[in-house]
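In UniProt numbering, the protein residues as written are 1 to 380.
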């Protein structure tokens, strides 16, 4: 299933995340830029993650909403593993490789045997936290995949239950876990993730999917109103937001997860719902179906994971040449380099790997020439 508007929104979500991190890289080398100092622009760029969560809730419900039973549940988890984990592991290895090059160029060793590295490597492989005290995957942006997998596991439970109205089971599970988190206020990071209010963003996507499937036609004015309201809310956030909700720590601990859901998750759901219902009504097809947004949308997962490796390569470049661009111009240079490297990764790594993983296994066949002929009857 590929709705063009979803590919467009994936492209937007990935691009704004990279843009926010491009501002950080420019600040590291070139000092303060106009964009970095423009209210909360650099923080709000991280809202692309929240849009991704809403999109994920929709897509999983659309694709696997009718799955039921253990066999289809295992099939669901297998497909999710193939889609998420191999590319994540390869992107992490690429990032570590670029970091090692940076260390080598300045005469330092990157200690692959340290306890910190080993703990982070385990966090990366498992994705879900094992330690009660910390969670720090090697590619730190991988924290979002922890919540992705938590959602997959919850959805898997609804498949096993055999209940058709999965939205009721999901809503009950997520609400109950969040309530337990507020009641007991756990400090164990495994429990703060399990009871995290950020999971409500996936639930918004699930609800929107149910509406999309059940409502044949949404008035165009209502879809447009949702889109405009979401965009207006985004603009408002640039001028007035809590920058701490862009940080990883307060989300993993659950301290600001509800704030992030209310301030970033809800407008993201407005934009998402407005776009998919406008496409369903046949509106703005010129926007959804352009080749650039399709390409960037298809490559969005690679862009999300690989752009830090691209930035690491830029760090190597700057260590050799010095920082040679005005900070504001450098931000867009970083953005385009990251998109270019990531799209190349998509074409040469992610795309062929997914095709290979998703290729159905060929049943064993026996050539007729391998079957011995029956013995001839003997004359008596």
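Here a beta-carbon is modelled for each residue, glycine too, at the ideal position from N, C-alpha and C.
Predicted model only: the values in this text are computed from it and were never measured.
- When the beta-carbon positions are compared, residue 41 and residue 13 stay at least 8 Å from each other.
- Contact between residue 257 and residue 198 holds, with the beta-carbon distance rounding to 5 Å and staying under 8 Å.
- DSSP, reduced to helix, strand and coil, places residue 298 within a helical segment of the structure shown.
- Annotation for residue 9: 51, 55, 271, 272, 275 and 297 place their beta carbon closer than 8 Å to its own, counting only its chain and skipping 5 residues before and after.
- Here residue 283 carries a coil assignment [DSSP, helix/strand/coil].
- Under a 10 Å Cβ-count criterion, residue 341 is classified as buried, with 16 or more other Cβ atoms of the shown protein chains found around its own Cβ.
- By the beta-carbon neighbour count (other beta carbons within 10 angstroms, threshold 16), residue 285 is exposed.
- Rounded to whole angstroms, the gap between the alpha carbons of residue 130 and residue 241 is 33 Å.
- Note on geometry: alpha-carbon atoms of residue 214 and residue 266 lie some 21 Å from one another.
- Annotation: the continuous alpha helix (DSSP H) that includes residue 10 extends over 4–30.
- Of 192, 318 and 204, the smallest CA-CA separation from residue 269 is found for 204.
- Separation of residue 357 and residue 57 (C-alpha to C-alpha, rounded to the nearest whole angstrom) is 23 Å.
- For residue 78, the closest C-alpha among the options 149, 38, 26 and 188 is that of 149.
- Comparing alpha carbon positions, the residue from 345, 311 and 211 closest to residue 280 is 211.
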